[in-house]
Every structure is written in C-alpha cells, then in structure tokens.
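Enquirer:
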Amino acid sequence: MFYFMMSLCVKLCLILVALTPSIADISSYVPQITQKVPVGNLTSSTFLLDQPQCVFNTSGVNEVWLVVALNSVTPTLKNENLGVPVNCSSFPVTKYYYTLRVFEKNYPCNLTNNVLAVLDVGSQTNCTDIQFCNCPLHSTEVYRVKFVVLSNTGFVGATNWSSPIKLKEVMNYTSITLPLLRSEGMIGLTAILGILLAVFLICIIVALFIGSRNIFWHRRLDSNKWVSTDLEYRGTYKKQPLHNVYIG
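Structural data, given as structure tokens:
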C-alpha cells in the first residue's frame, strides 16, 4: 500500500510538472521578432514580438513585465537587479525600462493559429502622465528585451535576453548620393529633353493636320474638275429641231 501511494504521488507530480510551466522553462525562453507579419515587424521606432505562449503559469497571479534595454547595458543587468520596475522616463539615465505589464494568466496557452498574438513595442507616441509607457524607440539604437515575472515580494523569474534588435534607420534626403538627385546639370538636361519632346510632338500633330487638309482639298479639286468637264460636255450637245413630215 505504501509503494502504491508513493507511485501515485510521483505520477501526480510528473503530471503537474508537465502541465505547469516552471521557472526553468521561463529562463529558457528567448523573445523573438515575429515572422507572422513579414512587413512592418521592424520600423524606425517600433518592433513586433511574438507573444509568449505556454511559458508562464496561466493560473498564477504574478505580474509579467517586458524589459527593454540597450544592447550595451544588458551584460550588467543581472536578474537580482530587476526586481523593481523602472519607468520609461528614466531611460536616458538607466538605459532600460519596464513596460507592457500584464498578469501571467494574460498569456494563455490555448491560442489558435488564426489569432495574431504579437506585442507592439514602442507604439505609444504620447507618454505624458502615463506610468510605464510603451514609449517610442530610437532608430539609431540597438535593443534587447526580456520578460520578467514579479510578485508582491519582488523578483520571481525571467526569460533569456533576445538577440540584438536593430531598427530601420530613417534616411535623410540630403544624404542621398544618387547622381540624378545631386547633379543640377542632369536635372537641366532632363528638362531640356522634356521640352524638345513636347515640341516634337506638337510638330507631328501640326504636320498631320496640314497633311489631312491637303488631302481634303486635293479630293475636292478633283471632284470640281469632273463636274466642270461634265458641264462642258453637256454644252456641246445641240438640240435638233423637229419637222412635221407630211405623207400624202
């Protein structure tokens, strides 16, 4: 009986371990830029992350935060230093901040394939009076992110850091070095060629118009000639007088 109870307890523990994500599972998770949206997953101020699924304890009440940090400071950010959330307004000094706070249960494990489960990082353009704002990012910086689980007493667990995330840079039009945009002579030549093409088209239209008029008048003159000839021919015909013929 004792061995039976021990075996039953072991099986129940294994089932609970299989169904409930552990801290070890959380630490092995690596946040990823989503590939579900191939266009727009990286912009000059935002990026889209895949929403973590089957990572956190769906029945838990702990908070899950997204930590956004500069790639250069992540080696010094240890888990024991991530127990207190940092506002976005402190980013110029701390070089990292917390945002997108939810509870563990808000990351379910039963999402279907037709649900676009992504996180839009940096999408809040106005952060006035907003605690832990999801503030816009800078295109010139390289970022890394991780999820951190916090309880009322502090740090509980965290995922791994993501790979470095480089946003798309906004190119200043003055820095474009294409010859067509920099050469004033090329612009002038293009304008002259455009004018010559317009003059050429006008000449073609005028020539076609004059040619069509000449053909029209030529046909009209030929028609008048035939009419005149016919009248002359008719004028040469003489009407013979009628004579009464008496037959006795």
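Under this note's numbering, the sequence shown has 84 at position 82, and the numbering climbs by one with no breaks.
Each residue gets a CB set at the ideal place from its N, CA and C atoms; glycine is no exception.
Thinking C-beta only, is valine 120 closer than 7 Å to leucine 68?
Expert: The sequence position of residue 68 within the sequence shown is 66, counting from 1. The sequence position of residue 120 within the sequence shown is 118, counting from 1. Taking 7 Å as the Cβ cut-off, leucine 68 and valine 120 do not qualify as a contacting pair.
Enquirer: Could you tell me whether the Cβ atoms of cysteine 137 and cysteine 90 are closer together than 7 Å?
Expert: Position 135 of the sequence shown, counted from the first residue, corresponds to residue 137. Position 88 of the sequence shown, counted from the first residue, corresponds to residue 90. Yes, Cβ-Cβ distance for cysteine 137 and cysteine 90 is below 7 Å.
Enquirer: From threonine 161 to aspartate 122, what does the alpha carbon distance come to, in whole angstroms?
Expert: One-based indexing of the sequence shown puts residue 161 at position 159. One-based indexing of the sequence shown puts residue 122 at position 120. Each residue's Cα considered, the two are about 18 Å apart.
Enquirer: With DSSP collapsed to three states, give me the class of phenylalanine 49.
Expert: Taking the sequence shown and counting its residues from 1, the one referred to as residue 49 is at position 47. In this structure, phenylalanine 49 counts as strand in the three-state DSSP scheme.
Enquirer: Taking its Cβ as the centre, do 16 or more other Cβ atoms sit within 10 Å of asparagine 59, making it buried, or is it exposed?
Expert: Against the sequence shown, residue 59 aligns to sequence position 57. Classification of asparagine 59: buried, given that the 10 Å Cβ count is 16 or more.
Enquirer: Buried or exposed, going by whether 16 or more other CB atoms sit within 10 Å of the CB of valine 158?
Expert: The sequence position of residue 158 within the sequence shown is 156, counting from 1. That one is buried.
Enquirer: Can you list the alpha helix (DSSP H) stretches of 4 or more residues lying completely in the segment 71-157, in chain order?
Expert: As far as the segment 71-157 is concerned, its whole alpha helix (DSSP H) runs of at least 4 residues are 93-96.
Enquirer: In whole angstroms, what is the alpha-carbon distance linking isoleucine 167 and valine 95?
Expert: Sequence index remark: in the sequence shown, residue 167 carries index 165 (1-based). Sequence index remark: in the sequence shown, residue 95 carries index 93 (1-based). Near 20 Å, if we compare the C-alpha coordinates of valine 95 and isoleucine 167.
Enquirer: Which residues bound the alpha helix (DSSP H) around isoleucine 28?
Expert: Reading the sequence shown from its first residue, position 26 is the one you call residue 28. Isoleucine 28 -> alpha helix (DSSP H) spans 25-30.
Enquirer: In chain order, what residues of the same chain have a beta carbon less than 6 Å from the beta carbon of proline 33, not counting five sequence neighbours either side?
Expert: Counted from its first residue, the sequence shown places residue 33 at position 31. Taken in chain order, the residues that qualify are Leu51, Val147 and Ser164.
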